[in-house]
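Residue numbers (the numbering used here): 11 to 191.
Even glycine gets a Cβ: it sits at the ideal position worked out from N, Cα and C.
Accompanying notes for the structure given below.
Dropping the structure here:
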């Protein structure tokens with residue numbers, strides 16, 4: 011009879027030991043993957059956006075005092091590294107500029123823009139430099155730009171006319187709405 015109570019707690023004990031092992035494994039793998047600088051914690055979906063407040067420059071200065079001149083944080087779902095001193099900014103922009111020269115290519119750019127290889131979202135490298143060279147030598151010449159001068163003038167006139175008609179349509183003469191062309 012006494013042995014029955016001894017075995018009753020065994021499933022609970024096994025579950026607790028298993029849970030402890032899983033938590034330990036997650037902590038170890040996160041620590042080895044995360045090579046980011048220290049920084050403030052963030053909410054699961056919003057990241058640190060609520061902690062920045064209405065004066066983000068003051069919040070970032072406070073964070074810099076606590077975490078140092080180089081810190082990381084999550085803004086939404088994106089990881090962000092903040093260099094908050096002139097020395098760190100120089101380190102980023104002067105000595106490690108090629109690492110940070112590429113921009114993030116969203117899924118839409120990968121689908122519509124040749125797997126992110128167009129001039130807008132291509133990674134910095136020989137392919138991007140070649141595309142930029144062709145773009146500047148062929149499309150940004152004086153001859154090409156002047157060829158589209160009439161179209162630019164027409165679009166400007168259309169925009170001015172639409173703004174004027176919206177302005178005159180209001181009885182008080184105020185115009186505060188934005189029109190997206």
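Give the straight-line distance between the Cα atoms of residue 131 and residue 24, rounded to the nearest whole angstrom. A direct Cα-Cα distance of roughly 51 angstroms separates residue 131 from residue 24.
Which word fits residue 22, buried or exposed, when buried means at least 16 other C-beta atoms lie within 10 angstroms of its C-beta? Answer is exposed; the Cβ neighbour count stays below 16.
Which partner residues does residue 82 have in the DSSP bridge list? According to DSSP, residue 82 bridges with 91.
Residue from 59, 71, 149 whose Cα sits closest to the Cα of residue 3: Any property of residue 3 remains undetermined from this structure, which presents the chain solely from 11 to 191.
So residue 172 is in the alpha helix (DSSP H); what residue range does that whole segment cover? It spans 159-179 - the alpha helix (DSSP H) in which residue 172 sits, taken as one unbroken run.
Given a cut-off of 8 angstroms, decide if residue 85 and residue 93 are closer than it, judged by their beta-carbon atoms. No, Cβ-Cβ distance for residue 93 and residue 85 is not below 8 angstroms.
Residues bridged to residue 57 by DSSP? 53, 85
Extent of the continuous alpha helix (DSSP H) run through residue 104: Careful: residue 104 lies outside any alpha helix (DSSP H) and carries neither H nor E.
Whole-angstrom distance between residue 30 and residue 138, CA atom to CA atom: 49 angstroms
Determine whether the beta carbon atoms of residue 73 and residue 96 lie at a separation below 8 angstroms. no
Do residue 155 and residue 142 have their beta-carbon atoms positioned less than 8 angstroms apart in this structure? no
Tell me, to the nearest whole angstrom, how far the beta carbon of residue 111 is from that of residue 140; I am working on the premise that it is less than 8 angstroms. Between residue 111 and residue 140 a beta carbon distance of about 15 angstroms is seen, past the 8 angstroms cut, so the two are scored as non-contacting.
At what residues does the alpha helix (DSSP H) containing residue 134 begin and finish? Here residue 134 belongs to no alpha helix (DSSP H), and DSSP marks it neither H nor E.
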